[in-house]
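Data block below; observations after.
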Amino acid sequence: VECVSADTVIVAAPKLIAKHIVAGLPRDQSEAMSSYRYIPYLVTTLCFDGVVHDSCFDVNVPAPDVMADFTCGNWVIERGRGRRDGPNVLSCYMPQLEEDRGRLLDEAGVRALALRALERIDRWFPGAARRCREIQVRLRGHPMHASICGLITKWGPLARRSFGSIHFAGSDGLGQVSELAGALETGREAAAAALGALDAAARRRG
61 VECVSADTVI
71 VAAPKLIAKH
81 IVAGLPRDQS
91 EAMSSYRYIP
101 YLVTTLCFDG
111 VVHDSCFDVN
121 VPAPDVMADF
131 TCGNWVIERG
141 RGRRDGPNVL
151 SCYMPQLEED
161 RGRLLDEAGV
171 RALALRALER
181 IDRWFPGAAR
191 RCREIQVRLR
201 GHPMHASICG
211 LITKWGPLAR
221 RSFGSIHFAG
231 SDGLGQVSEL
241 AGALETGREA
251 AAAALGALDA
261 AARRRG
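Per our numbering, residue 61 is the first one in the sequence shown, and the count goes up by one each step.
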């Protein structure tokens with residue numbers, strides 16, 4: 061698809077993508093979207109045959125390590141009460157230094173990082189490596205943007221400004237921490253603006 065025509069549109073994509081898919085953006089808005097810096101992010105999902113860890117949803121790693129934290133995918137539904145011999149999924153969140161972004165383009169390097177994550181899990185939960193049946197890797201698992209000067213007060217408001225009947229949302233919309241709350245807030249604002257645009261379009265058609 062090269063072009064979409066509609067009475068209104070919500071673009072809920074990271075700004076590094078939005079600036080390329082919306083034609084005719086004003087210069088100041090395009091520059092604002094280009095001012096974001098995104099953290100190179102690796103998400104390694106470890107799939108186990110049997111429970112390795114399910115006592116909580118998210119475990120933060122306090123010291124600098126190969127991963128910042130890991131989550132238990134099964135916990136959301138089972139909350140530690142599932143079958144002990146059932147499948148267990150742990151997602152390891154592995155932010156990289158900005159200067160190491162190129163590492164995510166090297167398949168061998170990415171595989172090595174994923175295996176390091178498994179080694180850490182095996183150290184904390186002995187025997188985990190023997191139960192691992194599959195490793196899945198996501199590059200830039202979600203768009204974590206860096207907090208930089210001016211993002212909240214200057215670049216963020218400009219980047220999420222509506223462009224005609226095109227409205228912007230996303231976890232990077234407020235310029236604060238990249239999280240669900242920010243995505244929800246900007247999504248609600250964009251939805252309200254989109255409804256207004258639809259109403260205006262209906263009135264124009266008589």
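Even glycine gets a Cβ: it sits at the ideal position worked out from N, Cα and C. From a predicted model like this one, the values you see are computed outputs, not experimental measurements.
Backbone CA spacing between residue i and residue j [nearest angstrom]
i	j	result
Ala78	Val71	7 Å
Pro100	Ala189	26 Å
Asp125	Arg97	22 Å
Asp166	Ala253	42 Å
Glu62	Val121	43 Å
Leu157	Gln89	27 Å
Gly110	Arg139	15 Å
Ala174	Val197	7 Å
Exposure of residue i, with buried meaning 16 or more beta-carbon neighbours within 10 Å
i	result
Asp232	buried
Leu255	exposed
Val136	exposed
Leu106	buried
Ser207	exposed
Neighbourhood of residue i by C-beta, 6 Å cutoff - its chain only, sequence neighbours within 5 removed
i	result
Ala219	Lys75, Ala92 and Met93
Glu249	none
Bridge partner(s) assigned by DSSP for residue i
i	result
Gln196	Thr105
Met274	Beyond the ends of the chain as shown, which are 61 and 266, falls residue 274; an answer cannot be given.
Asn148	Phe108
Val119	Phe130
Nearest to residue i (by Cα), restricted to the options the options
i	options	result
Arg268	Gly266, Gly146, Pro217 and Arg183	Nothing in the structure corresponds to residue 268, since the chain is present only between 61 and 266.
Ser115	Cys107, Cys132, Leu211 and Met127	Cys132
Asn148	Pro155, Phe185 and Pro86	Phe185
Cβ-based neighbour list, residue i, same chain, cut-off 8 Å, excluding 5 preceding and 5 following
i	result
Pro86	Phe223
Cβ-based neighbour list, residue i, same chain, cut-off 7 Å, excluding 5 preceding and 5 following
i	result
Arg191	Phe108, Asp109, Gly110 and Val112
Val119	Asp129 and Phe130
Gly84	none
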